[in-house]
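To start, the structure under review is shown below, and the notes come after it.
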Amino acid sequence: MTQNRMRLTVNGKTHDVDAAPDTALLYVLRNDLELNGPKYGCGLGECGACAVLIDGVAARSCVIPIEGCAGRDIVTLEGLGTREHPDAVQQAFIREQAAQCGYCLNGMIITTKALLLRSPHPSENEVLEALRHHLCRCGAHVEIMRAAMRAAGHVVEAQA
C-alpha cells in the first residue's frame, strides 16, 4: 500500500505522518512519534497494553488503522500528566504501588481514565467490568483495583 501524509492530533499537538492508511496507530505512536506509553502486547487488541484514548474513549491502538484517526483527539499515557504533575489516575497508581513489571499499566491507567471521564464516581463493579479485559501477567490485580478505586474517589485500605 502506498504511503500518504496524514495529520494526527496526539496529546494536544498536531503531527503530519507519512504512512500507509492501514498502518496500526500503535506503530505510528511508538516509531514515528516516539511515544512509548502504549506497549505492543498481543497485536490482536486482546491484552490492552496498547490502549490510548481516542476522543475520550479507551481504544486498542494495535488494531486501529491511522486512516480512522485523522481529525480525532488521541491521548497517550504521556499526554495525561507529567512527572512533576501526574494525572489523578497516575497519582493513584503511584500511591497504591500498582505495578510489578509495569507492562500492563499503560492500558490499566488509560482505561481507568476513560471510565472516569464517562462515570466520575463508578462503583467497584463498574471498575471491575472496565478492567476485566486487561491482562496483568504479574498478578498485581489487587493493587491495580485499589488504585482505580482511589482514582474514582474511594479510599480503600490495604489488606494486611
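Residue numbering for the sequence shown follows the UniProt record's numbering, beginning at 1 and increasing consecutively.
Glycine included, C-beta positions come from ideal geometry on N, C-alpha and C.
Buried versus exposed, by CB contacts within 10 Å (16 or more), residue i
i, result
"Val17", "buried"
"Leu8", "buried"
"Pro120", "exposed"
"His134", "buried"
"residue 185", "The question about residue 185 has no answer here: the residues shown for the chain are numbered 1 through 160."
"Ala70", "exposed"
"Arg83", "exposed"
Residues near residue i in its chain [Cβ-Cβ closer than 6 Å; skip 5 each side]
i, result
"Arg72", "Ile54 and Asp55"
Close-in-space but distant-in-sequence residues of the same chain around residue i (CB under 7 Å, 5 per side omitted)
i, result
"Phe138", "The residue asked about is misnamed: residue 138 is Cys in this sequence, not Phe. Contacts found: Gln100 and Cys101."
Within 7 Å, strictly: CB atoms of residue i and residue j
i, j, result
"Gln3", "Ala20", "yes"
"Thr111", "Ala140", "no"
"Ala151", "Ala49", "no"
"Val52", "Ile74", "yes"
Same chain only: Cβ atoms within 8 Å of residue i, ignoring 5 sequence neighbours per side
i, result
"Pro86", "Leu80 and Ile94"
Inside the stretch 70–143 only - alpha helix (DSSP H) runs reaching at least 4 residues: Fully enclosed alpha helix (DSSP H) runs of 4 or longer: 77–80, 88–95, 105–118 and 124–131.
Under 8 Å, with one C-beta from each stretch per pair, do the stretch 140–148 and the stretch 92–103 reach the 3-pair mark? The stretch 140–148 makes contact with the stretch 92–103: 3 or more CB pairs, one atom from each, lie closer than 8 Å.
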